[in-house]
Amino acid sequence: MHEPVLPVATVSRVTRALLAVLTVSSLVAGCSSSFNATRDAQSTAAQTGWRSSIDAIGKPIGETDLSAWNIDVAPDGRGLPDGSGDVASGGRIFAAKCAACHGAKGEGVIGDQLVGGAGTLASANPKRTVGSYWPYATTLFDYIRRAMPYNAPQSLSADEVYALSAWILNRNGIVPDDARLDAQSLAAIRMPNRDGFVPDPRPGKL
């Protein structure tokens, strides 16, 4: 038997059709690549523009500006500033700037009671004062400097805060009448309720 053959005209038409298909496929592939490239370029440009708009918000902050907010004091005394203050000076400052809220003797008025409460924590009426409850004297300094007086927080100098800390601790029987506190001596004070707290391991597991 003879194998079937196609007429020359038919072969020519098939060849042209195949060439047309290949040409269209090439054009489609080229268009697709061009579209992808354009899309990627537009996406990159959009991301760059978005990043630039975000970076334009606000302004860089320098160490001088940051130092005004970097005032936290750690329990071991890290962060305490230079300066010092004594009990007598603290009494005068307390009378002028604190007594209206906390009472002339730290007994509390509209502000918290600061003095007394020793031995009451396990009772039915515990009095949580600086002397009876607070575990660290450094926390007292940190809080006074950061938040007091109520109507003018962060207005006190380091010397004034040391003096106020000395007076409040003296009223609670923790430092003597002639005490002058600074970064070293304040951090060295062991508060009566130091062992009434446990370390907080967070972040992590309890």
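In terms of full-length UniProt numbering, the sequence shown opens at residue 1 and continues consecutively.
Ideal placement from N, C-alpha and C gives every residue a C-beta, glycine not left out.
- Secondary structure of R190 (DSSP, three-state): coil.
- The bridge partners DSSP lists for G117 come to none.
- Remark: fewer than three beta-carbon pairs, one from each stretch, lie closer than 8 Å, so the segment 67 to 79 and the segment 159 to 176 are not flagged as touching.
- The beta carbons of G85 and R180 sit about 7 Å from each other, so the pair counts as a contact at 8 Å.
- With 16 or more neighbouring CB atoms inside 10 Å of its own CB, W134 falls in the buried class.
- Within the same chain, Cβ atoms closer than 7 Å to the Cβ of A147 are found at P153, the five residues on either side in sequence being excluded.
- Residue pairing by DSSP places D72 opposite no residue, since no beta bridge is assigned to it.
- Sorting V73, G91 and V115 by C-alpha distance to the C-alpha of A183 places V73 at the top.
- Distance check between A68 and each of S185, A88, Y136 and R145 places R145 closest, using alpha-carbon atoms only.
- By the Cβ criterion, the segment 111 to 129 is not in contact with the segment 48 to 57, since fewer than three pairs of Cβ atoms, one from each stretch, lie closer than 8 Å.
- It is roughly 27 Å from the alpha-carbon of L164 to the alpha-carbon of N125.
- Contact between the segment 196 to 205 and the segment 90 to 100 is absent: fewer than three C-beta pairs spanning the two stretches fall below 8 Å.
- Counting of Cβ neighbours within 10 angstroms places W50 among the exposed residues, the total staying below 16.
- In the DSSP annotation of this structure, R128 is not part of any alpha helix (DSSP H), being labelled neither H nor E.
- Less than 7 Å separates the beta-carbon of V87 from that of D177.
- Per DSSP, reduced to three states, the secondary structure at G62 is coil, with no helix or strand assignment.
- K105: not part of any alpha helix (DSSP H); DSSP gives it neither H nor E.
- For D86, the beta-bridge partners assigned by DSSP are R180.
- Counted as a single uninterrupted DSSP element, the alpha helix (DSSP H) harbouring Y162 occupies residues A158 to R171.
- At the C-beta level, N172 and V130 come within 7 Å of one another.
- In the three-state scheme derived from DSSP, where H, G and I count as helix and E and B as strand, K205 is classed as coil.
- Less than 7 Å separates the beta-carbon of A137 from that of M191.
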